[in-house]
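Top line first, the protein sequences correspond to chains H and B.
For the first sequence, this note's numbering assigns the number 1 to the initial residue and increments by one for each residue that follows.
For the second sequence, this note's numbering assigns the number 1 to the initial residue and increments by one for each residue that follows.
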Amino acid sequence: MKNEYLPHPARIESIQRESFDTQTFKVIFVDEKLAKSFNYKPGQFMEISLLGMGEAPISITSSPSRKGCLEFTIRAMGKLTRAINQLKRGNVLYLRGPYGNSFSLEEVKGKDLYFIAGGIGLPPLRSVINTVFDKRENFGKVKILYGAKTPDELCFKEELKVWQKFPNTELLLTVDTQDKDWKGNVGVVTTLWEKTAMDGNQAIACVCGPPIMIRFVVQKLLESQFKEKNIHISLERYMKCGLGKCGHCNIGGKFVCIDGPVFTYSQIKELPAKEHVL
Amino acid sequence: MKKLHNSHPPPYPLPSREGKIGEGVFVIPCTVKKDRVKDLLITASEEWDAFVPWKGPEEDVQFVKLPDEKRKNFLDRLSLEDGAPLIPPKTVIFPQLESLFEFEEGKIKEMIPSPTKKLLFGLRACDVKAILFVDDFFKRNFEDIYYLNRTMNKLLVLVGCKTPPRDCFCTSTKTGPFLPVPRSLGEVGKEGFDLQLVDIGKKYLVEVGSEKGKEFIGNYQDFFEEASKKDVELSKAMKKKAEEAVTLKIDFEKAIKNFCEDKISQIIYEKIAERCIYCGGCLYICPTCTCFNIFDGKKGDRGKRSRNWDACVFEGYTREASGHNPRAEKWLRTSRRYEHKLKYNYLTTGMSGCVGCGRCLATCPVNLGMSKLIQEVTK
Ligand SMILES: Cc1cc2nc3c(=O)[nH]c(=O)nc-3n(C[C@H](O)[C@H](O)[C@H](O)COP(=O)(O)OP(=O)(O)OC[C@H]3O[C@@H](n4cnc5c(N)ncnc54)[C@H](O)[C@@H]3O)c2cc1C
Ligand code: SF4
Ligand code: FES
């Protein structure tokens, strides 16, 4: 029997600053065997910790299609995430996982893909997006709609430019509050609907962001003829174990940590409405 | 293993045979004299970590491990006659606080409990059912190595309630005061107890629920005697009397049905929310509650990661770092507390998360509890 509560040390190889409170950490397991054998799927998360500071669930933002690369984008929100954001290259983090289900790409081959992210919701979607781009020919149109509070808070600024250049791909950005250099859209993510055609008939949508954003986005997606079962949403809940044991992430009869974090909208509708899932 | 009864053909247990006087597939039941129970426990504790209901200096009863020394003195406070202890035997199988690992200078040392043989002697029927429930939970999906290691070698000895406590309703939940004895091979071990003791005055009649239970009797055969027809008759009368002594009757099946069909109105939860002080006491002493928190403690570069009991009625239980809390309103936490036990547990496992022990009502400072809620929703 494996001890799932035991974290494994991983060394920080590089740090990329995304915004004033968010950084992306590229890490590698100290144990070479583990580093080689480690596998995950897009959409999964890991429990990340510093010994003595606690653990937090963080999505894997890198793509399994890029071997040897394990990345996390972490926003300083509380005690642990603030401490992680103080770390330097060469420091050690502790990881266990991967946990949770994933965005299944097998079932969506050939289809148009719409990614809609708000704020710190892009990191988990980036894992899917890059997996898709690494097999670009397998999928139809790709549209990425991404909103942040301010231009500074947009993550992966360089990579966004790369994504834009892929064939048959559209990237639409928006911010709630602009600064003097911003030339793009201003407004919440749903205002991007006016900038591009959203045809949900045969398409798949992947959504991640704060609950209020998800609620409005789903509304819009349904209006654009997306089918409920084709809307995939990554949920966030307070988590402790990631193993379906501690109970914190329970919604109705489901655990977000093992039955999710990715649910289709039709699955979410089955969950009790009073649990404020969206 | 000391004396395996295969190698030492014992007088007891005997295989069941024509003209048997007792019940069950295993044996003609045997008895153990009450005044020999302490000696049995002392002898058994050579091989087992024996846990017994023990009355502390404050008169509160909980399951405590027999110490290595002064065991006779210790057993003067053995409490087999009183009802189920307010603090459940959950403390033995899933302690309130346990360390997952220690660390020092970045090095981690696992703290997995050793799978010692544990004898839980003097459990009530409801608590046996609760242990079965918790076992199943920690095995499902990810196996919890801490729980499974601690509990993999346990023997559950049930002592049925003679005078069930006022607040319990085990006849309504069908979890006591006694559990059915296996009548066919397919039923062996199903009820969860290994041995079941029935108080028949100066002695206990002993019924066997599993192979492990049978083996235990074989290993300590000196303590057991053959039961007479009269003993068996007495035990039947005793079980009936105990059953009748459970006076709190509720319509548990209807409650489960109403929960599963979402017939419970928000108003019921809101009414509870007006009274409940959200102390979580009911969940800490609930024998089936398993929620926990994980936290770190450290001094310098040494410390440990531990887990401790948590409760879904606490405001911070679902509050995220951003401040967002899907269960900010009190009534939502109350609804979670009851629906988890009566709806979702039932739908996912076929077992309800309530075993009718009545502890939540007994402990609640404002007189709330499962039975009250059930009376309310089945009116
Ligand atoms: C599946 C999932 C994926 C996530 N992915 C990312 C990501 O890629 N990048 C990122 O920056 N953030 C992510 N989060 C949110 C992140 O987990 C919280 O911001 C983080 O737990 C805050 O921890 P803290 O110790 O700094 O804050 P504190 O307020 O000190 O929190 C203490 C503890 O509470 C729990 N907790 C608090 N907030 C949350 C929360 N929102 N979700 C779950 N547990 C919480 C954690 O166990 C945490 O260690 C994700 C959350 C989930 C559930
Ligand atoms: S013991 Fe009573 S007051 Fe405390 S949480 Fe339970 S129901 Fe509420
Ligand atoms: S995080 Fe512990 S049950 Fe889901």
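C-beta: ideal position from N, C-alpha, C; glycine also.
Values in this document were obtained by computation on a predicted structure and should not be read as measured data.
Within chain B, P326 have C-beta atoms less than 7 Å from the C-beta of H:H276, given in sequence order. At least one beta carbon of chain H lies nearer than 8 Å to the beta carbon of B:Y344.
Straight across, the Cα-Cα distance linking B:E207 with B:D231 is about 12 Å.
Inter-residue distance for H:G242 and H:Q44 is about 11 Å (C-alpha atoms, whole angstroms).
One Cα belongs to B:N367, the other to B:E315, and the distance between them is close to 21 Å. In chain order, G106 make up the part of chain B whose C-beta sits under 8 Å from the C-beta of H:V92. When DSSP reads this structure, H:N201 sits in no beta bridge, so it has no partner. At least 8 Å separates the beta-carbon of B:V92 from that of B:G122. Residue environment: B:T173 is assigned as buried (16 or more neighbouring CB atoms within 10 Å of its CB, all protein chains considered). For the beta strand (DSSP E) assignment, the uninterrupted runs of no fewer than 3 residues enclosed by the segment 201-253 of chain H are, from N- to C-terminal side, 204-208 and 231-234. Cα atoms of H:G244 and H:D181: separation of roughly 46 Å, rounded to the nearest angstrom. Taken through DSSP and simplified to helix, strand or coil, B:G316 comes out as helix. Those residues of the segment 208-219 of chain H placed with their C-beta closer than 7 Å to a C-beta in chain B are P211, ordered along the chain.
In the displayed model, H:I84 falls within a helix according to three-state DSSP. For H:A76, there is no enclosing beta strand (DSSP E), as DSSP marks it with neither H nor E.
For a Cβ distance threshold of 7 Å, residue set I294 of chain B lies close to H:C241, ordered along the chain. Excluding its 5 nearest sequence neighbours in each direction, B:K254 has C-beta neighbours in its own chain below 7 Å: T378, listed in chain order. Within the DSSP bridge table, the entry for B:D296 names B:R305 as partners. Leaving aside the five residues that flank B:N345 on each side, the residues in its chain whose CB is nearer than 7 Å to its CB run, in chain order, M351, S352 and G353. Any heavy atom of ligand 3 counts here; residues with a Cβ closer than 7 Å to one of them, in chain order, are H:M239, H:K240, H:C241, H:G242, H:L243, H:G244, H:K245, H:C246, H:G247, H:H248, H:C249, H:N250, H:F255, H:V256, H:C257 and H:I258. For H:Y5, at least one C-beta of chain B is nearer than 8 Å to its own C-beta. The three-state secondary structure of B:C161, taken from DSSP, is coil.
Scanning its chain for C-beta atoms nearer than 8 Å, with the 5 sequence neighbours on each side dropped, one finds around H:S224 the residues W193, M198, D199 and G200, in chain order. Within the same chain, C69, L70, E71 and S127 come within 7 Å of H:S62 by CB-CB distance, once the 5 residues on both sides are set aside. Rounded to the nearest angstrom, the gap between the Cα atoms of B:L155 and B:K118 is 6 Å. If you check the CB distance, H:L221 and H:V189 do not come in under 8 Å.
Contact check for H:S234 against H:C257 fails: the beta carbons are separated by 8 Å or more. Using beta-carbon distances, B:Y204 does not count as an interface residue toward chain H, since no partner is under 8 Å. When the beta-carbon positions are compared, B:L66 and B:P89 stay at least 8 Å from each other. Collapsing the DSSP output to three states places B:A311 in coil.
Below 8 Å, too few C-beta pairs join the segment 45-64 of chain H and the segment 103-111 of chain H to call them touching: fewer than three. When C-beta atoms of the segment 178-193 of chain B are compared with those of the segment 140-147 of chain B, fewer than three pairs fall below 8 Å, so the two segments do not count as touching. With contact defined as three or more Cβ pairs closer than 8 Å, the segment 63-79 of chain B and the segment 95-107 of chain B are not in contact. For B:T348, the chain H residues whose C-beta falls within less than 9 Å of its own C-beta are G253, listed in chain order.
In summary, H:Q202 is exposed, with fewer than 16 beta-carbon neighbours lying within 10 Å of its beta-carbon over all protein chains present. Relative to H:E159, the option among H:T191, H:F139, H:G140 and H:P123 whose CA is nearest is H:P123.
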